[in-house]
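With this note's numbering, letter number 147 in the sequence shown gets 286, and the count goes up by one each step, no holes. For glycine and all other residues, C-beta sits at the position ideal for the given N, C-alpha and C. Worksheet: one structure, shown below.
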Amino acid sequence: MRIAILSRNPGLYSTKRLIEAVEQRGHEAVVLDTLHCYMNSSSAKPTVHYKGEEISPVDAVIPRIGASITFYGCAVLRQFEMMGVYPLNESVAITRARDKLRSTQLLSRKGVGIPITAFANKPDDIKDMIKMVGDAPVVIKLLEGTQGIGVVLAENEKAAESVIQAFMGLKSNILVQEFIKEAGGSDIRCLVIGDKVVAAMKRQGPEGEFRSNLHRGGTAELVKLTPQERKTAVSAAKIMGLNACGVDILRATRGPVVMEVNSSPGLQGIETATGKDVAGMMIEFIEKNAKPHRTRTKGKG
Ligand code: ADP
Ligand code: MG
């Protein structure tokens, strides 16, 4: 097979590992810098061009689309889908997962545990909003944040009010969430491929830090999941419509709650912590499922 990898940076661990896995399994890898792909949607025969040439046919495409280029990246991916190329994750599913409000609503509608979450654009009664999630301490998040930046723990109501006011002053969309204290500054990253959790790690923030992000100094270790956690992670992936993703779970007293579903999960942390060949498993999934014109949502999304 010829497999395209949409990635801004071929030097990243995840991209390098995917190229390696594609080649190890006897396929050809074509790395395309997403933002340098251009296309014409008006012709009857959709194509993607790259550096002055039409890309010759590929059998599958692996999108590695960072949060900052979701809009354009999904347009490029959609073009491949229109050409009948099999995507590891579909553009519609990526768009769905990237929208924190939409994904929160979808997960809760389908009965997946999530932290009690309120969102607002211009709440006239901030106190009421804080009360909605069960009073301080609360976690306040900027919708556009990643890697733990833009996530604040407000210990009391006064602090929560002033942080919410400050974020609103910056005209940002925010989300106010119940603080899952019992998670103790840790979360669980479940790597789901198809209908299985193929690898899982526990991330722990440094002493005194409630955020477990590895970019914020957190550490990762292998973890054994409960059957309920596995089920939750697989359901969350399914609800988003993602074939390969990272599902982040907090261990709450009432059971696992899903914080977010990442459609381009990093491979370095999880492969290092678990010793698993996650990249290889992604390619294996493509081998089993890639058939032309297999995009379920074709023409609808
Ligand atoms: P980002 O997208 O920036 O990674 P997250 O929503 O994943 O933002 O939050 C960053 C980290 O903060 C999480 O990995 C988790 O450790 C901690 N965290 C986030 N929300 C909560 C919450 N409601 N209760 C407890 N800890 C939380
Ligand atoms: Mg996160």
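In the structure shown, what three-state DSSP assignment does residue 400 receive? Residue mapping note: residue 400 aligns to position 261 of the sequence shown, counting from 1. If DSSP states are grouped into helix, strand and coil, residue 400 belongs with the strands.
In whole angstroms, give me the CA-to-CA distance for residue 342 and residue 360. Here residue 342 is taken as the residue at index 203 of the sequence shown, counted from 1. Here residue 360 is taken as the residue at index 221 of the sequence shown, counted from 1. Approximately 7 Å between the Cα atoms of the pair.
Look up residue 302 in the DSSP assignment and say whether it is helix, strand or coil. For the purposes of this step, residue 302 is taken as the residue at position 163 of the sequence shown. In this structure, residue 302 counts as helix in the three-state DSSP scheme.
On the three-state DSSP scale, how would you describe residue 349? In the sequence shown, residue 349 corresponds to position 210, counting from 1. Residue 349 falls in the coil class under three-state DSSP.
Along the chain, where does the beta strand (DSSP E) that runs through residue 285 open and close? As a first step, residue 285 is located in the sequence shown; it is residue number 146 there, counting from the start. For residue 285, no beta strand (DSSP E) segment is defined, and its DSSP state is neither H nor E.
Relative to the C-alpha of residue 227, which candidate in 333, 397, 396 and 414 has its C-alpha closest? Along the sequence shown, one-based indexing puts residue 227 at 88. Considering only alpha carbons, the answer is 333.
Mind checking which residues open and close the alpha helix (DSSP H) that includes residue 381? Here residue 381 refers to the residue found at position 242 of the sequence shown. Going by DSSP, residue 381 is part of no alpha helix (DSSP H) at all; its letter is neither H nor E.
Which of helix, strand or coil DSSP assigns to residue 166: In the sequence shown, counting from the first residue as 1, residue 166 sits at position 27. Of the three classes helix, strand and coil, the one that applies to residue 166 here is coil, per DSSP.
Start and end residues, alpha helix (DSSP H) containing residue 179: Translated into the one-based positions of the sequence shown, residue 179 becomes position 40. DSSP places residue 179 outside any alpha helix (DSSP H); the residue lies instead in the beta strand (DSSP E), whose first and last residues are 176-179.
Apply the 10 Å Cβ neighbour rule to residue 239 and answer buried if 16 or more other Cβ atoms are within range, or exposed otherwise. Along the sequence shown, one-based indexing puts residue 239 at 100. Classification of residue 239: buried, given that the 10 Å Cβ count is 16 or more.
Within the present structure, is the beta-carbon of residue 358 separated from the nearest heavy atom of ligand 1 by less than 7 Å? Along the sequence shown, read from residue 1 onward, the residue named residue 358 stands at position 219. Here the distance from the Cβ of residue 358 to the nearest heavy atom of ligand 1 is not below 7 Å.
Using alpha carbons as the reference points, say which of 192, 249 and 179 lies closest to residue 217. Position 78 of the sequence shown, counting from 1, holds the residue named residue 217. If we check each option's Cα against that of residue 217, 179 comes out closest.
Once you ignore the five residues that flank residue 181 on each side, which residues in its own chain have a CB closer than 8 Å to its CB? Residue 181 sits at position 42 when you count from the first residue of the sequence shown. Non-local C-beta neighbours of residue 181 in its own chain, meaning closer than 8 Å and more than five positions away in sequence, are absent.
Three or more C-beta pairs closer than 8 Å, one from the region 295-309 and one from the region 345-355: is that the case here? No: the two stretches stay apart, fewer than three of their Cβ pairs being nearer than 8 Å.
For residue 163 and residue 140, what's the separation of their Cα atoms in angstroms? The residue you call residue 163 lines up with position 24 of the sequence shown. The residue you call residue 140 lines up with position 1 of the sequence shown. Per the coordinates, the alpha-carbon of residue 163 lies some 12 Å from the alpha-carbon of residue 140.
Rounded distance between the beta-carbons of residue 319 and residue 396, thought under 8 Å: As a first step, residue 396 is located in the sequence shown; it is residue number 257 there, counting from the start. As a first step, residue 319 is located in the sequence shown; it is residue number 180 there, counting from the start. With 8 Å as the limit, residue 396 and residue 319 qualify as a contact, their Cβ atoms being about 6 Å apart.
In the structure shown, what three-state DSSP assignment does residue 196 receive? Locating residue 196 in the sequence shown gives position 57, where the first residue counts as 1. Residue 196 falls in the coil class under three-state DSSP.
In chain order, what residues of the same chain lie with their CB nearer than 8 Å to the CB of residue 294, ignoring the 5 residues before and after it? Position 155 of the sequence shown, counted from the start, is the residue given in the question as residue 294. Result list for residue 294: 275 and 276, in chain order.
Buried or exposed: residue 403, going by 16 or more other Cβ atoms within 10 Å of its Cβ? Counting from 1 along the sequence shown, the entry for residue 403 is found at position 264. Classification of residue 403: buried, given that the 10 Å Cβ count is 16 or more.
beta-carbon residue 399 near ligand 2 non-hydrogen atom, thresh 7 Å: The residue labelled residue 399 in the question sits at position 260 within the sequence shown. Yes, since a heavy atom of ligand 2 falls inside the 7 Å radius drawn around the Cβ of residue 399.
For a quick check, are the C-beta atoms of residue 338 and residue 417 less than 8 Å apart? Translated into the one-based positions of the sequence shown, residue 338 becomes position 199. Translated into the one-based positions of the sequence shown, residue 417 becomes position 278. It is a contact, given that the beta carbons lie within the stated cut-off.
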